[in-house]
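One structure is given here, and the rest of the page talks about it.
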Amino acid sequence: MMAISDLLQKRILVLDGAMGTMIQGYHLTEEGYRGERFKDFPHDLKGNNDLLSLTQPQIIQEIHRQYFEAGADIAETNTFSGTSIAMADYHLEDLVYELNYESARLAKEVAEEFTRANPDKPRFVAGSIGPTNRTASLSPDVNNPGYRAVTFDDLVTAYTEQVRGLLDGGADILLVETIFDTLNAKAALFAIEQVFDEREASQKGEGTPRVPVMVSGTITDASGRTLSGQTVEAFLYSVSHLPLMSVGFNCALGADLLRPYVEELSDKAPFFTSAHPNAGLPNEFGEYDELPEHTAASIEGFLQHNFINIIGGCCGTTPAHIRAIADVAAKYPPRRVPANERLPKFSGLEPLKIFGNNSFVNIGERTNVTGSKAFARLIKTGDYEAALAVARSQVEGGAQVIDVNMDEGML
Numbered sequence: 011m012m013a014i015s016d017l018l019q020k021r022i023l024v025l026d027g028a029m030g031t032m033i034q035g036y037h038l039t040e041e042g043y044r045g046e047r048f049k050d051f052p053h054d055l056k057g058n059n060d061l062l063s064l065t066q067p068q069i070i071q072e073i074h075r076q077y078f079e080a081g082a083d084i085a086e087t088n089t090f091s092g093t094s095i096a097m098a099d100y101h102l103e104d105l106v107y108e109l110n111y112e113s114a115r116l117a118k119e120v121a122e123e124f125t126r127a128n129p130d131k132p133r134f135v136a137g138s139i140g141p142t143n144r145t146a147s148l149s150p151d152v153n154n155p156g157y158r159a160v161t162f163d164d165l166v167t168a169y170t171e172q173v174r175g176l177l178d179g180g181a182d183i184l185l186v187e188t189i190f191d192t193l194n195a196k197a198a199l200f201a202i203e204q205v206f207d208e209r210e211a212s213q214k215g216e217g218t219p220r221v222p223v224m225v226s227g228t229i230t231d232a233s234g235r236t237l238s239g240q241t242v243e244a245f246l247y248s249v250s251h252l253p254l255m256s257v258g259f260n261c262a263l264g265a266d267l268l269r270p271y272v273e274e275l276s277d278k279a280p281f282f283t284s285a286h287p288n289a290g291l292p293n294e295f296g297e298y299d300e301l302p303e304h305t306a307a308s309i310e311g312f313l314q315h316n317f318i319n320i321i322g323g324c325c326g327t328t329p330a331h332i333r334a335i336a337d338v339a340a341k342y343p344p345r346r347v348p349a350n351e352r353l354p355k356f357s358g359l360e361p362l363k364i365f366g367n368n369s370f371v372n373i374g375e376r377t378n379v380t381g382s383k384a385f386a387r388l389i390k391t392g393d394y395e396a397a398l399a400v401a402r403s404q405v406e407g408g409a410q411v412i413d414v415n416m417d418e419g420m421l
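Our numbering numbers the first residue of the sequence shown as 11 and each following residue consecutively.
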């Protein structure tokens, strides 16, 4: 079977549409979510869509099958909330590995079925890794802006378990998606790299311990920023340290409103680009009314200008939307990936790119365990609030870049 990276050079690939929208169409009751296995479970389970991979696997496979029949090349696993952090709301943290393994296995089974039927159109499985219901960058308490409901280490632990399950279950790709907080995403990417390293260290025989990684952020509104405040370019620089297969945007907006951000990303990204927008914006009842032909017409503008390599749908999209999208995608060549600029690129909420003709750039060096005894002492004692104050004082003093160095043992 041709590698997905080779296929992306030849044509635009189609991602599937919404899983949640399709599940809603089955009108499952509490009993439907529980199935036989969880019929006596002491907590409510309705709404836990990921659990259906265990209790209603035939429904999940039927949805995958409908999307492949509509023309999708890639199906996402039913694991958007498949972390111990998200599953804690249902008291099902102990099921995370099994949920991810089974979800990947179910999707892979259907993908292989379609690939056997038409080897010229191979199908792939993307392990869906959602943002969790916590944010590492923002406080959920307006009265305590310094509070965080989750730590970076918590996220890494949760994502590591999810990634292991997805890979063991047969996922061909890992998709870190709907990123509203880039720090959460960086924890997911860190976990992915850790698992890849584990698999390389224990590898026996043929096969690769690594799979392609896709990253997809979410621009929340007309500000053109993620929820945690980053611009398109800053977001791109934040995740560009890894050899990604693709970077893109999904959710929150319909194709028409997402277009300027996809265009900017296409111009700057040294990776393949993706987009899976919503079916427009929800109505007053939270439902999506945009018809498949309207979604496809908006997306065709992306394709005419060669913005995209991977296209699909998010909230509100159905197999009918994906069929319409696949039909227009077949008419256009894929975007050509531009050469990577060999320039220093940094990002906070805003990007900073240093050209040869830049004026003097101030770099704050006090957040360095080898360059500042005071900072080293704060880190060793765990006084991170005071350590953060050191960084803040550097910015207030005019630093455009902060050098955060923790590698004392390596110097």
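Beta carbons: idealized from backbone N, C-alpha and C, even for Gly. Bear in mind the structure is a predicted one, so any value in this text is a computation, not a measurement.
Buried versus exposed, by CB contacts within 10 Å (16 or more), residue i
i: Glu-72; result: exposed
i: Leu-8; result: The structure shown does not extend to residue 8, since the chain spans only 11 to 421, so no value can be given for it.
i: Pro-344; result: buried
i: Tyr-271; result: buried
i: Ser-93; result: A small fix is needed here, since residue 93 is Thr in this sequence, not Ser. Classification of Thr-93: buried, given that the 10 Å Cβ count is 16 or more.
i: Asp-422; result: Here the chain comprises residues numbered 11 to 421, so residue 422 is not present and cannot be evaluated.
i: Leu-421; result: Note that Leu-421 scores 45 on pLDDT, short of 50, meaning its location in the model is unreliable; the coordinates nonetheless yield the value given after this. With fewer than 16 Cβ atoms within 10 Å of its Cβ, Leu-421 is classed as exposed.
i: Asn-153; result: exposed
i: Phe-295; result: exposed
i: Ser-149; result: exposed
i: Thr-39; result: exposed
i: Ala-117; result: buried
i: Gly-27; result: buried
i: Ala-195; result: buried
i: His-53; result: exposed
i: Leu-199; result: buried
i: Gly-140; result: buried
i: Ala-168; result: buried
Whole-number beta carbon distance between residue j and residue i, since they are thought to touch under 8 Å
i: Pro-219; j: Glu-210; result: 5 Å
i: Thr-236; j: Thr-283; result: Thr-236 to Thr-283, Cβ: 17 Å. No contact.
i: Leu-25; j: Ala-98; result: At roughly 29 Å, the Cβ-Cβ gap does not stay under 8 Å, so Leu-25 and Ala-98 are not in contact.
i: Val-257; j: Leu-246; result: 6 Å
i: Asp-266; j: Ser-226; result: Wrong, their Cβ atoms sit about 18 Å apart, outside the cutoff.
i: Asp-337; j: Ala-306; result: 7 Å
i: Val-379; j: Asn-415; result: 6 Å
i: Pro-280; j: Val-347; result: 6 Å
i: His-310; j: Asn-260; result: Residue identity differs from the one stated: residue 310 is Glu in this sequence, not His. With 8 Å as the limit, Glu-310 and Asn-260 do not qualify as a contact, their Cβ atoms being about 18 Å apart.
i: Leu-55; j: Tyr-111; result: Not a contact, Cβ separation roughly 19 Å.
i: Val-120; j: Phe-78; result: 6 Å
Cα-Cα separation between residue i and residue j, rounded to whole angstroms
i: Thr-452; j: Ala-384; result: For residue 452 there is no data in the structure shown, the boundaries of the chain being 11 and 421.
i: Val-405; j: Ser-212; result: 44 Å
i: Ile-412; j: Ile-373; result: 6 Å
i: Leu-176; j: Leu-62; result: 16 Å
i: Ile-364; j: Gly-234; result: 23 Å
i: Met-32; j: Thr-328; result: 7 Å
i: Leu-23; j: Phe-317; result: 13 Å
i: Gln-68; j: Ala-136; result: 19 Å
i: Met-12; j: Pro-132; result: 8 Å
i: Gly-30; j: Val-400; result: 45 Å
i: Glu-171; j: Gly-366; result: 44 Å
i: Asp-16; j: Thr-377; result: 43 Å
i: Ile-178; j: Ala-146; result: What sits at residue 178 in the sequence shown is Asp, not Ile. Rounded to whole angstroms, Asp-178 to Ala-146 spans 28 Å at the Cα level.
i: Lys-355; j: Leu-362; result: 6 Å
i: Met-224; j: Met-255; result: 6 Å
i: Ser-403; j: Gly-381; result: 16 Å
i: Gly-239; j: Thr-230; result: 10 Å
i: Gly-407; j: Glu-375; result: 12 Å
Endpoints, the alpha helix (DSSP H) within which residue i is located
i: Thr-283; result: No alpha helix (DSSP H) holds Thr-283; the beta strand (DSSP E) holding it covers 282-288.
i: Val-120; result: 106-127
i: Gly-183; result: Checking the displayed sequence, the identity of residue 183 turns out to be Ile instead of Gly. Ile-183 -> not in any alpha helix (DSSP H); beta strand (DSSP E) instead, spanning 183-189.
i: Leu-263; result: Careful: Leu-263 lies outside any alpha helix (DSSP H), inside the beta strand (DSSP E) at 256-264.
i: Gly-175; result: 162-179
i: Val-205; result: 192-211
Enclosing beta strand (DSSP E) for residue i [first to last residue]
i: Glu-310; result: Where Glu-310 is concerned, there is no enclosing beta strand (DSSP E), although the alpha helix (DSSP H) it sits in stretches over 302-314.
i: Phe-295; result: Phe-295 -> no beta strand (DSSP E), and no H or E assigned at all.
i: Phe-134; result: 134-139
i: Ser-248; result: Careful: Ser-248 lies outside any beta strand (DSSP E), inside the alpha helix (DSSP H) at 242-249.
i: Val-152; result: Premise fails: Val-152 is in no beta strand (DSSP E) and is neither H nor E.
i: Val-225; result: 223-227
| query | Going along the chain, which unbroken runs of the beta strand (DSSP E) with 3 or more residues stay wholly within the region 340-398? | reply | For the region 340-398, whole beta strand (DSSP E) runs of length 3 or above, ordered along the chain, are 355-357 and 361-363.
| request: Give, in chain order, every unbroken run of the beta strand (DSSP E) that is at least 3 residues long and sits entirely within the region 20-100. | output: Every unbroken stretch of the beta strand (DSSP E) spanning 3 or more residues and falling wholly within the region 20-100 is given here in chain order: 84-86.
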